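Q: Protein sequences, first through last, are from chains Z and U.
For the first sequence, the numbering used here begins at 3 and goes up steadily by one.
For the second sequence, the numbering used here begins at 526 and goes up steadily by one.
Ideal placement from N, C-alpha and C gives every residue a C-beta, glycine not left out.
Quick caveat: nothing in here was measured; it's all calculated off a predicted structure.
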Amino acid sequence: MDMLHALISGFLQCFNLSTFNLMMIGIAIGFVVGILPGLGGPTAMALMLPFVFKMSAVEAFAFLLGMTAVTATTGDITSVLFGVPGEPTTASTIVDGHAMARNGETGRALGAVLMSSLVGAIFAGVALGAAIPIIRPLVLSFGSPEFFMLSLLGISFVSALSGEDVLKGLVAGGIGLMLATIGLDPISGIQRYTFGQLFLWDGIGLVPITIGFYAIPETIELAVLGTSISKKEVGEFGGVMEGVKDTFRHFWLVMRCSALGTLTAIIPGMGAATTQWLAYAHAVQSSPNKERFGKGDVRGVLGPGAANNSTLGGSLITTIAFGVPASVIMAILLGAFIIQGIVPGPDMLLPPPKGHLDLTFSFVWVIIISNIITVAICFLFLKPLAKVTQVRGGIIIPIILVLIYLGAFAEKNAFEDMVIVIFFGGLGWVMEKLEWPRPPVLLGLVLGPLAENRLFLSTDNYGLAWMHRPGVMTIFALTLFGIFYPMIKERRQTKKKAAAQSEGKTTVEEPRDKVKRFGPAAWFTTATLAILAVALWQSRNFGFRAGLFPWAIGIPTLVLAIGQLGRDLYGRKKKKYSDIPEIPETEVAPEDVKRRTISVLLWTLGFFLAIWFLGFSYAVPLTMLLYLKIAANESWLMTASVTFFTWLFYWSLFEKILNVPFPEGLLISLINGG
Amino acid sequence: MLKSLSYLLAIAVLLPAPTTAATAEDFYKGKTVRIVVGFSAGGGFDTYARAIARHMAKHIPGQPAIVVENMTGAGSLIAANHVYKVAKPDGLTIGHFIGGLFLGQVLGQAGVEFDARKFEFIGAPITDHVVCAMTKASGITSVEKWMAAKTPVKMGGIAPGTSTTDNATRILTAALGLPIQLVTGYKGTADVRLAAESGEVSGGCWGWDSVKTTWRKAIETGDAIVVLQANRKTHPELPQIPQAIKLAKSEEGRKIIEVGIHADSDIVRTYTLPPGTPKERVQLLRKAFDDTIKDAEFLADAKKSNLSVEPVPVDEVERDIGALFKLDPGLITKLKDILYN
Chain Z
3 MDMLHALISG FLQCFNLSTF NLMMIGIAIG FVVGILPGLG GPTAMALMLP
53 FVFKMSAVEA FAFLLGMTAV TATTGDITSV LFGVPGEPTT ASTIVDGHAM
103 ARNGETGRAL GAVLMSSLVG AIFAGVALGA AIPIIRPLVL SFGSPEFFML
153 SLLGISFVSA LSGEDVLKGL VAGGIGLMLA TIGLDPISGI QRYTFGQLFL
203 WDGIGLVPIT IGFYAIPETI ELAVLGTSIS KKEVGEFGGV MEGVKDTFRH
253 FWLVMRCSAL GTLTAIIPGM GAATTQWLAY AHAVQSSPNK ERFGKGDVRG
303 VLGPGAANNS TLGGSLITTI AFGVPASVIM AILLGAFIIQ GIVPGPDMLL
353 PPPKGHLDLT FSFVWVIIIS NIITVAICFL FLKPLAKVTQ VRGGIIIPII
403 LVLIYLGAFA EKNAFEDMVI VIFFGGLGWV MEKLEWPRPP VLLGLVLGPL
453 AENRLFLSTD NYGLAWMHRP GVMTIFALTL FGIFYPMIKE RRQTKKKAAA
503 QSEGKTTVEE PRDKVKRFGP AAWFTTATLA ILAVALWQSR NFGFRAGLFP
553 WAIGIPTLVL AIGQLGRDLY GRKKKKYSDI PEIPETEVAP EDVKRRTISV
603 LLWTLGFFLA IWFLGFSYAV PLTMLLYLKI AANESWLMTA SVTFFTWLFY
653 WSLFEKILNV PFPEGLLISL INGG
Chain U
526 MLKSLSYLLA IAVLLPAPTT AATAEDFYKG KTVRIVVGFS AGGGFDTYAR
576 AIARHMAKHI PGQPAIVVEN MTGAGSLIAA NHVYKVAKPD GLTIGHFIGG
626 LFLGQVLGQA GVEFDARKFE FIGAPITDHV VCAMTKASGI TSVEKWMAAK
676 TPVKMGGIAP GTSTTDNATR ILTAALGLPI QLVTGYKGTA DVRLAAESGE
726 VSGGCWGWDS VKTTWRKAIE TGDAIVVLQA NRKTHPELPQ IPQAIKLAKS
776 EEGRKIIEVG IHADSDIVRT YTLPPGTPKE RVQLLRKAFD DTIKDAEFLA
826 DAKKSNLSVE PVPVDEVERD IGALFKLDPG LITKLKDILY N
């Protein structure tokens, strides 16, 4: 009865006029923060902090939660439309969501991602409410060994993310885990793979890698094909309802991914950056007919769309029940708690007057209400949003480049992050061309630190005895099942299919091509091998504490990479039979492909150099102008107006409102200094 | 309605900030000051920093936005090195990492890349008061029970060289002969607390002001119990809890406690600026820090959230750190052995 009373009281608190209005302001800010890549965390917080502390408890939480709850929803929109992740937590939506946009299914992708986001958010709210009686015993039953095993289970998901090539996927996952070790090691502070570069001390960020990995190859492809984002002319922007219907067609999948998001986020250190990929992997693993994944399968949009929203419920559980916050925004929330004299802990789960259950329930309601409002607003704007994908490539490319560099820089205000974007952009492009899966790298990168920390804690506490714990063994069994069951199932299905189509177009073995044997694929694998070997050689001096993880990951990855090289050199290419016809690519002559590729690469690099030498304020309008006039051959009117509006957007938002400390260009400071 | 409108208005009015920079006073207008905290959010370091961040802006001319940034890892060594080498000395970065790292430099701790004598200090809000707190479930409810424990008692740690938890725990093991197994690698005391509640460790040794704020409920209900304290003065809130130095087995043990815990406690929660920060901005921030600590609103906030305030002046901080560089070589060898092996 008390519980019900608190539930209703929490609901009513959200509709107190000033609370509701603040929630709306929060939603509005979160909307923008979500859409703009790189913007989130510190920059937005710098703006909000002074205001938050003048509010009452419920107001502050409504404001902050309203803001947080919608970023994952609107971030998905940017990912779908531009292939640039709006938030690091929405990168996985690109894989199939942006592919759908390319296929002319923008409306359907947006409809699906918004609807599944809403379902995920409601699930998060309900789960948070329903979990209240069992939260504490549930979390306390897990220790470091179980946390380690769970992160291992997460890493094992790479096998599902690898598409048709498990070996490549495992190597890519290993590379991601190795990338995660860059920086000062968290136990003894030894430098690992920093090459004397100070900016590498804190490791490489997820944001620049994600932007580079996806946005740069997309931009190159856009330039090469010379089309708008949507390759097909789409007469009707409908399909939105189709996407909404998809959510309910695959409702069980959406629910499972929502649950996955909420549950894994209870583990301290697991946020939506991880859960989105787990959900994506789960969608791939559990779905029949996987051929369309990566090429625009709506199920690949629904899974992460739901999970990156439902994660908030799990993060809030640890914050509320234990005072261990999962993210920057949770930390601000916690600060607000403490300043109100509210100590997160068991009290938050008791009905008033003994505790603050009504406040906890108001969180539940804010999550649900703010997402309903956001999704409703988004649906109103879907048509103009979807039209973006029909804008000429020549106009959209420089705008995407501005977003790429702004997003990379503004996350940490670090110039070097733009270099990281370019490096990983190149790497991502090569990987895409050679059909190496990119998601396992990102999954390894986000799970690496968690796995390393918990492995060390487990070993330090229990020696090797942690392996015998029942929880550990259960999760291990689950992991094995997760890896092998789909393989066995797949094999059976393949056999069945092969039997059914025994004559006609079955597997065609290409004759070995002796001349091409040491082609680009083999070169890439060799380079990977060499880098891994050098990394392992360097790690010999790390000592046990800092070296344990690089050794444990590096050696098996090296062995797997050798296996891959063998396949590149001696393997037979299999031509897969497929029931689904390939979507016809726009025909571009090979010499045009080469010319356009070189051109867009030079423009991308040139933009970076312009930022370096002239600073953002001059580089943005100058590069825009030159690109639109020279590369895209637009009319002067078009060139001038697009340049002006992009510059206005950049200047008013980043320079004026956000006060981002952009570095002065090298030349400008020379002129000013001399 | 009016209230929220006024917030909206305030946001709209405050946002467009002129960017001309000339004097130190104008300099802060429209800027963002970062407090780089070396531990995870929700722990004691973080809680103090956020409370200070909230009130410090109004004491800096130009009223910059102040944000707290958690840069965890290596027991705040990553943050310390960052403030020393990476952060620009422009008065827009304030470091808050653990003072035990200064002793670490003297002892030659691996990974230290700073020279403590070159930092600019701006003060500390509180003298740390080391206590060891255990969960009731662990059965270690008094120091006698601890002494008598048959198997080593598991204590949560963060990283070698961290004042609290690790240095304090290791020194108490050596000086008092307590049976302890230190499990190190937690991201901060919030994570140690969680591990203690789940039974993975029995407890940990860190500052009383942090314990009583962030573990308030458990202390009140008796689910967590303070069994030992280590400070020059007995804390007025802990009159019955035994002092570690009185239980030390030898003169050497007492000396190690004095150097490694007591002397360290003044500098544990120091706020620092990168070396080379312009003098006038150092002065300005010192004054702003002092004013914040005395600010009635800050004190009211601190009281509400159970944070004690007992500032340590800059000259005392500098004196304590200077003394570390004059330690007896024999003691240095001994401490090295205890803290890093």
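If you count every other CB in all the chains shown that lies within 10 Å of the CB of Z:Trp525, and 16 or more means buried, which is it?
A: Taking the first residue of the first sequence as 1, we reach residue 525 of chain Z at position 523. That one is exposed.
Q: Distance cutoff 8 Å, beta carbons only. Does U:Asn866 sit that close to anything in chain Z?
A: As a first step, residue 866 of chain U is located in the second sequence; it is residue number 341 there, counting from the start. No, U:Asn866 lies away from the interface with chain Z (no Cβ there is under 8 Å from its Cβ).
Q: When you compare each of Z:Ala59, Z:Val72, Z:Met5 to Z:Ala378 by their alpha carbons, which one comes out closest?
A: Walking along the first sequence from the start, residue 378 of chain Z turns up at place 376. It is Z:Val72.
Q: How would you label Z:Ser637, buried or exposed, when you count the other beta carbons within 10 angstroms and need 16 or more for buried?
A: Taking the first sequence and counting its residues from 1, the one referred to as residue 637 of chain Z is at position 635. When all chains shown are included, Z:Ser637 counts as exposed.
Q: Applying a beta-carbon distance threshold of less than 8 Å, which residues of chain U neighbour Z:Asp299?
A: As a first step, residue 299 of chain Z is located in the first sequence; it is residue number 297 there, counting from the start. Ordered by position in chain U, no residue passes the 8 Å Cβ test against Z:Asp299, which lies about 38 Å from the chain.
Q: Quick one: which residues of the stretch 598-632 of chain U get their C-beta closer than 9 Å to a C-beta of chain Z? List them in chain order.
A: Cβ contacts with chain Z: Gly598, Ala599, Gly600, Leu602, Ile603, Asn606, His607, Lys610, Val611, Leu617.
Q: Based on the DSSP output, what are the partners of Z:Arg394 in its beta bridges?
A: Here the question's residue 394 of chain Z lines up with position 392 in the first sequence. Answer by DSSP bridge pairing: none, since Z:Arg394 is not bridged.
Q: Going by alpha carbons, who is nearest to U:Val525 out of U:Gly555, U:Lys556, U:Tyr573?
A: Because chain U here runs from 526 to 866, residue 525 of chain U falls outside it and cannot be looked at.
Q: List, in order along the chain, the chain U residues whose C-beta lies closer than 7 Å to that of Z:Phe197?
A: Mapped onto the first sequence, residue 197 of chain Z falls at position 195. In chain order: nothing, as chain U lies at least about 15 Å away.
Q: Residues in its own chain within less than 8 Å of Z:Ile424 by CB, not counting five upstream and five downstream?
A: By 1-based counting over the first sequence, the position of residue 424 of chain Z is 422. Counting only Cβ-Cβ distances below 8 Å, and skipping sequence neighbours, we find Gly214, Ile218, Thr606, Leu607, Phe610.
Q: For U:Ser735, decide whether its Cβ has a neighbour in chain Z, counting only Cβ atoms nearer than 8 Å.
A: Taking the second sequence and counting its residues from 1, the one referred to as residue 735 of chain U is at position 210. U:Ser735 does not count as touching chain Z.
Q: Kindly identify the DSSP beta-bridge partner or partners of U:Thr557.
A: Within the second sequence, numbered from 1, the residue matching residue 557 of chain U stands at position 32. Paired residues: U:Ala590.
Q: Nearest-angstrom Cα distance between Z:Phe381 and Z:Gly113?
A: Within the first sequence, the letter at position 379 stands for residue 381 of chain Z. Within the first sequence, the letter at position 111 stands for residue 113 of chain Z. Near 8 Å, if we compare the C-alpha coordinates of Z:Gly113 and Z:Phe381.
Q: Select from the stretch 346-366 of chain Z all residues with a C-beta closer than 7 Å to any C-beta belonging to chain U, and list them in chain order.
A: Cβ contacts with chain U: Gly347, Pro348, Asp349.
Q: With respect to the alpha helix (DSSP H) encompassing U:Tyr796, which residues constitute its N-terminal and C-terminal limits?
A: Residue numbering aside, residue 796 of chain U sits at position 271 when the second sequence is read from its first letter. Unbroken run through U:Tyr796 is the beta strand (DSSP E), 796-798; no alpha helix (DSSP H).
Q: Which runs of the alpha helix (DSSP H) at least 4 residues long sit entirely within the stretch 758-841 of chain U? Give them in chain order.
A: Here the runs fully enclosed are 769-772, 776-782, 804-819, 821-829.
Q: By Cβ distance, which residues of its chain are closer than 7 Å to U:Glu835, with the 5 residues on each side in sequence left out?
A: Taking the first residue of the second sequence as 1, we reach residue 835 of chain U at position 310. If we look at U:Glu835 and ignore the five residues flanking it on each side, its Cβ neighbours are Ile651, Thr652.
Q: Measure the C-alpha to C-alpha separation of Z:Leu280 and Z:Leu314 and round it to an integer number of angstroms.
A: Taking the first sequence and counting its residues from 1, the one referred to as residue 280 of chain Z is at position 278. Taking the first sequence and counting its residues from 1, the one referred to as residue 314 of chain Z is at position 312. Straight-line Cα distance between these residues: approximately 15 Å.
Q: Could you check the C-alpha separation between Z:Leu152 and Z:Phe144 for me, to the nearest Å?
A: Start at 1 with the first residue of the first sequence, and residue 152 of chain Z comes out as number 150. Start at 1 with the first residue of the first sequence, and residue 144 of chain Z comes out as number 142. In a straight line, the C-alpha of Z:Leu152 is about 10 Å away from that of Z:Phe144.
Q: Any beta-carbon of chain U closer than 8 Å to the one on Z:Phe458?
A: Your numbering for residue 458 of chain Z matches position 456 in the first sequence. Interface residue, yes.
Q: Alpha helix (DSSP H) containing Z:Leu262: first to last residue?
A: Numbered from its first residue, the first sequence carries residue 262 of chain Z at position 260. Looking at the DSSP string, the run of the alpha helix (DSSP H) that includes Z:Leu262 is 253-267.
Q: Suppose you measure from the CA of Z:Gly307 to the CA of Z:Arg301; what does that come to, to the nearest Å?
A: Numbered from 1 along the first sequence, position 305 holds the residue referred to as residue 307 of chain Z. Numbered from 1 along the first sequence, position 299 holds the residue referred to as residue 301 of chain Z. Looking at the two C-alpha atoms, the distance is approximately 10 Å.
Q: Which bits of chain U does Z:Leu186 rub up against, with CB to CB less than 8 Å?
A: The count along the first sequence starts at 1 and reaches residue 186 of chain Z at position 184. In chain order: Gly598, Ala599, Leu602, Ile603, Asn606, Gly636.
Q: Give the residues from the stretch 453-477 of chain Z that approach chain U closer than 8 Å (Cβ to any Cβ), ordered along the chain.
A: Correct list: Asn455, Phe458, Leu459, Asp462, Asn463.
Q: Grab the span of the beta strand (DSSP E) containing Z:Arg566 for me, first residue to last.
A: By one-based count along the first sequence, residue 566 of chain Z stands at place 564. Note that residue 566 of chain Z corresponds to Gln in the displayed sequence, not to Arg. Z:Gln566 -> not in any beta strand (DSSP E); alpha helix (DSSP H) instead, spanning 545-572.
Q: Beta-carbon separation of Z:Met687 and Z:Ile206 under 8 Å?
A: For residue 687 of chain Z there is no data in the structure shown, the boundaries of chain Z being 3 and 676.
Q: Please identify, using Cβ separations under 8 Å, the residues of the stretch 144-177 of chain Z that lie next to chain U, in order along the chain.
A: The residues in question are Phe144, Gly145, Ser146.
Q: With a cut-off of 8 Å on the beta carbons, I'd call U:Val796 and U:Ala649 a contact; round off their distance for me.
A: Locating residue 796 of chain U in the second sequence gives position 271, where the first residue counts as 1. Locating residue 649 of chain U in the second sequence gives position 124, where the first residue counts as 1. Looking at the sequence provided, one finds Tyr at residue 796 of chain U rather than Val. Contact flag correct, Cβ pair sits at about 7 Å.
Q: Given that Z:Ser190 touches chain U, what residues does it touch there, using C-beta distances under 8 Å?
A: Within the first sequence, the letter at position 188 stands for residue 190 of chain Z. Residues of chain U passing the Cβ test: Ala599, Ala635, Gly636, Ala684, Pro685.
Q: Taking buried to mean at least 16 other C-beta atoms within 10 Å of its own C-beta, is U:Gly633 buried or exposed?
A: The residue labelled residue 633 of chain U in the question sits at position 108 within the second sequence. Counting Cβ neighbours within 10 Å, U:Gly633 comes out exposed, since fewer than 16 surround it.
Q: Are the beta-carbon atoms belonging to Z:Gly176 and Z:Thr559 less than 8 Å from one another?
A: Numbered from 1 along the first sequence, position 174 holds the residue referred to as residue 176 of chain Z. Numbered from 1 along the first sequence, position 557 holds the residue referred to as residue 559 of chain Z. Yes. Within cutoff.
Q: Hey, Z:Leu202 and Z:Gly185 are a contact pair by Cβ (cut 8 Å); roughly how many whole angstroms apart?
A: Stepping through the first sequence from its first residue, residue 202 of chain Z is reached at position 200. Stepping through the first sequence from its first residue, residue 185 of chain Z is reached at position 183. Their Cβ separation, rounded to whole angstroms, is 6 Å, which keeps Z:Leu202 and Z:Gly185 in contact under 8 Å.
Q: On the DSSP bridge list, what partners appear for U:Thr660?
A: Counted from its first residue, the second sequence places residue 660 of chain U at position 135. Looking at the DSSP assignment, U:Thr660 forms a beta bridge with U:Ala749.
Q: Straight-line CA distance for Z:Leu120 to U:Ser790?
A: Here residue 120 of chain Z refers to the residue found at position 118 of the first sequence. Here residue 790 of chain U refers to the residue found at position 265 of the second sequence. One C-alpha to the other measures close to 50 Å.
Q: How far does the beta strand (DSSP E) with U:Ile705 in it extend, from its first residue to its last?
A: As a working note, residue 705 of chain U is residue 180 in the second sequence. Per DSSP, U:Ile705 belongs to the beta strand (DSSP E) from 705-709.
Q: Start and end of the alpha helix (DSSP H) containing U:Glu645?
A: In the second sequence, counting from the first residue as 1, residue 645 of chain U sits at position 120. Run containing U:Glu645: none in the alpha helix (DSSP H); it sits in the beta strand (DSSP E), 645-648.
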